[in-house]
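Residues -10 to 66, numbered by our numbering, are exactly what the sequence shown covers, in order. The structure under discussion appears below in the form of structure tokens.
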Amino acid sequence: MKNFTLYGRAECHLCDALQEQLTELRQKYEFTIDWVDVDQDSALELKYGFYVPVLMHEGRKVCHYHLDREAFLKIVS
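Spelled out as structure tokens, the structure:
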């Protein structure tokens, strides 16, 4: 099963939208998502704060701000 990490923050409309899209995709594809709140870690806030949400897989960025559906499907398909 593929595992993704989603870096984001509370009260972020882009984070909420990306989470909704991923939830819909979980109906068709098997994968897990680890949610990480960048505001809970100063190093992560510096690294990802301006780019959230950031979706990562195996240490590589899949997309940020909006879902790159094509890149995501290449990984889960």
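Glycine included, every Cβ here is placed at the ideal spot set by N, Cα and C.
With 16 other CB atoms within 10 Å as the buried threshold, where does residue i fall?
{"i": "L(-5)", "result": "buried"}
{"i": "F61", "result": "buried"}
{"i": "G(-3)", "result": "buried"}
{"i": "H53", "result": "buried"}
{"i": "L35", "result": "exposed"}
What first and last residue would you give for the alpha helix (DSSP H) that runs through residue i?
{"i": "C4", "result": "H2 to L14"}
{"i": "L68", "result": "Beyond the ends of the chain as shown, which are -10 and 66, falls residue 68; an answer cannot be given."}
Kindly indicate the opening and closing residues of the beta strand (DSSP E) around residue i.
{"i": "Y18", "result": "It is not in any beta strand (DSSP E) - Y18 carries neither H nor E in the DSSP assignment."}
Pull up the CB-CB distance for residue i and residue j, whole angstroms please, since I reckon it's below 8 Å.
{"i": "P42", "j": "L14", "result": "The Cβ separation is near 14 Å, so there is no contact."}
{"i": "K(-9)", "j": "F20", "result": "4 Å"}
State the beta-bridge partners of residue i as determined by DSSP.
{"i": "V25", "result": "Y(-4)"}
* Secondary structure, beta strand (DSSP E): runs of 3+ residues fully inside the region 32 to 57 -> Entirely contained in the region 32 to 57, the beta strand (DSSP E) runs reaching 3 residues are, in chain order, 43 to 46 and 49 to 53.
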